[in-house]
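Single-structure report; data block below.
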Amino acid sequence: MSRTESRHDRIPGLNGATAFVEPAAAAVAGLFLGRLTSRRTVFVGGAGVLLGTVVIEAGVATGMLSLLWVGGVIGGVGFGASFSGAIRTIAPLVQPHQRAGLFASIYLVAYLSFGVPAIIAGLLIAPVGLQGTVLGYGVAILVAATLGLVAQYRVNARG
């Protein structure tokens, strides 16, 4: 194995499996964190997204696939907790006949929040490079997660 070649370059599917780790962790987290209050779940989720992003960024900066996997698990747990906690917080606030519209809106925003950054990243890869794009996207996630945690802390502090 040469210095520029690593084990994940030689094992088919290992790189692609990293895309499975985060959503799988999110699904599991959504199931197991249901015992927490919805507010606490959202706060724990935000912290998970923040920490997971830091670990993923370290993996990108160092080229360590293991950090991408660990960060994906942490970030996935954070996303699953945040999403399930947010739904558990918002759903009871609307009448049953309004829930279809609420969930349609939630999923529209969720899909746009995944799709639009992917399109922007695709446009930035040529001028900035893949690593620069990933690191820049990570910074944007860190800022958003920090703002979300601060807002959630303030809501929790008010009761």
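Per the numbering used here: the sequence shown = residues 7 to 165. Backbone N, C-alpha and C fix where the C-beta goes; we use that ideal spot for every residue, glycine too.
Item                                                                                                                                                                          : Value
Identify which residue in 23, 64 and 92 has its Cα closest to the Cα of residue 42.                                                                                           : 92
Return the CA-CA distance between residue 128 and residue 118, expressed in angstroms with no decimal places.                                                                 : 15 Å
Could you tell me the alpha carbon to alpha carbon distance between residue 105 and residue 99, rounded to whole angstroms?                                                   : 9 Å
Let me know the secondary structure DSSP gives residue 18 once reduced to three states.                                                                                       : coil
Check whether the Cβ atoms of residue 60 and residue 76 sit closer than 7 Å, and answer yes or no.                                                                            : no
What whole-angstrom Cβ distance do residue 87 and residue 47 have, given they're in contact under 8 Å?                                                                        : 5 Å
How would you call residue 159, buried or exposed, if buried means at least 16 neighbouring beta carbons within 10 angstroms?                                                 : exposed
Can you list, in chain order, the residues of its chain with a C-beta nearer than 8 Å to that of residue 36? Leave out the 5 residues immediately preceding and following it. : 86, 87, 89 and 90
Do residue 78 and residue 51 have their beta-carbon atoms positioned less than 7 Å apart in this structure?                                                                   : no
Less than 8 Å between C-beta atoms, sequence neighbours within five positions excluded: which residues of the same chain meet that for residue 95?                            : 44, 45 and 48
Assign residue 81 to one of two classes, buried (16 or more other C-beta atoms within 10 Å of its C-beta) or exposed (fewer than that).                                       : buried
Using only the alpha-carbon positions, how far apart do residue 29 and residue 164 sit?                                                                                       : 32 Å
For residue 86, report the span of its alpha helix (DSSP H) as first-last.                                                                                                    : 71 to 96
Look at residue 73 and residue 64 and say whether their C-beta atoms are less than 7 Å apart.                                                                                 : yes
Counting only the same chain and skipping the five closest in sequence on each side, list residues whose C-beta sits under 7 Å from that of residue 154.                      : 52
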